[in-house]
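**Q** Encoded as structure tokens, here's the structure I'll be asking about.
In this note's numbering, the protein residues as written are 4 to 364.
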């Protein structure tokens, strides 16, 4: 890591004041930019549903690819939903809440409940003592070694790519988002039930319009694409080799943002569909920056640009990263456990040989 990302306490305080002044310039929502995103995102998404309606009578070979493209636009809808939850998309709180509910309906996600859980994620990202709320289940090497056989099996299953990016997204959006968290307050709990009812009404209307089979094929295809891509983005943003994790007493907000959130440098077309969320280090520094200002903020200060980018190619390495090694300060794969066991066995044999030699003397 560069010196910029590992400052002394005095330098850290100065850097914090500096980046706060920089990000402040980009926290102001733009009505023009926001409305243009609404038009090009929701307009395109609605047009694709119209094309899929027409394509039913022609061929599923047309309908399914259109549904996959709709899934890509659904990712962009979720980014707008995400910004509304942070109160950053519009200046108006009411406008954010109304649009957030609409986005939540399209993505099957209860707005207020998700906003509450996501705020916990921002407050705890990179903190080993406050893990796994609104985050991907992550164990340390020692925790895994001390876990029961069934817990280790469950963890391996949860971190399996097919489960994590294939089955889990559908389960998350179709099932889990229908169940309020135990610690949710009444408004958050109510938002779950209101959204579930709204989703059922929407599904009934679209099933009547498109036919049940066509609706399920279209909706599930779009959700699988959007959910898989969304979970992958979230995974890469916080699950890379040199990611930041610290125990609570050593946890630092700036370090957690700049070292614990990746700069996922994507091709421009993927950056567009993902709503610039690849600039995740900027987003975690200041969730009040709308997605359409993230790139400009990144380019505004050398401190932000000192964050090493994760590319589409290098991000594939994250598939093999499963556990946090507190000694190495790195995410490691399960293969690391075999190396660790071999080293420990070697050290044990070495100590045994030394003791035997000493006793012989």
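Don't be surprised by glycine CBs; every beta carbon is placed ideally from N, CA and C.
What would DSSP say about residue 205, mapped onto helix, strand or coil?
**A** In this structure, residue 205 counts as helix in the three-state DSSP scheme.
**Q** Quick one: residues in its chain with C-beta nearer than 8 Å to the C-beta of residue 150, no 5 flanking neighbours on either side, listed in chain order?
**A** Closer than 8 Å at Cβ, skipping near neighbours: 142 and 158.
**Q** In angstroms, rounded to a whole number, what distance separates the CA positions of residue 115 and residue 281?
**A** Roughly 24 Å between the two C-alpha positions.
**Q** Anyone know if the C-beta pair for residue 86 and residue 279 falls short of 8 Å?
**A** Taking 8 Å as the Cβ cut-off, residue 86 and residue 279 do not qualify as a contacting pair.
**Q** With a threshold of 16 other CB atoms inside 10 Å of the CB of residue 358, please say whether the residue is buried or exposed.
**A** Here the model assigns residue 358 a pLDDT of 49, short of 50, so the residue's position is not dependable, and the following value carries that caveat. Exposed, by the Cβ-count rule.
**Q** Judging by CA-CA distance, which residue of 270, 234 and 136 is the nearest neighbour of residue 168?
**A** Ranking 270, 234 and 136 by Cα distance to residue 168 puts 234 first.
**Q** So, residue 51 versus residue 73, is the Cβ gap smaller than 8 Å?
**A** In contact: residue 51 and residue 73 (Cβ atoms closer than 8 Å).
**Q** Have a look at residue 3 and residue 127 and give me their C-alpha separation to the nearest angstrom.
**A** Within the shown structure, residues of the chain are numbered from 4 to 364, placing residue 3 beyond reach of any answer.
**Q** Relative to the alpha-carbon of residue 121, which residue among 229, 90, 102 and 308 has its alpha-carbon at the smallest distance?
**A** Cα-wise, what sits closest to residue 121 is 90.
**Q** For the alpha helix (DSSP H) containing residue 68, name the first residue and the last one.
**A** It spans 63 to 89 - the alpha helix (DSSP H) in which residue 68 sits, taken as one unbroken run.
**Q** Please report how far the alpha carbon of residue 118 lies from the alpha carbon of residue 88, in whole angstroms.
**A** If you take the alpha carbons of residue 118 and residue 88, they lie about 5 Å apart.
**Q** Three or more beta-carbon pairs under 8 Å between the stretch 192 to 211 and the stretch 133 to 148, yes or no?
**A** Cβ pair count under 8 Å is below three, so no.
**Q** Can you tell me which of 306, 99, 241 and 48 puts its alpha carbon nearest to the alpha carbon of residue 139?
**A** For residue 139, the nearest C-alpha among the options comes from 241.
**Q** Give a yes or no on whether the C-beta atoms belonging to residue 92 and residue 32 are separated by under 8 Å.
**A** Against a cut-off of 8 Å, the Cβ pair of residue 32 and residue 92 comes out as a contact.
**Q** In whole angstroms, what is the alpha-carbon distance linking residue 244 and residue 160?
**A** Those two C-alpha atoms are separated by around 20 Å.
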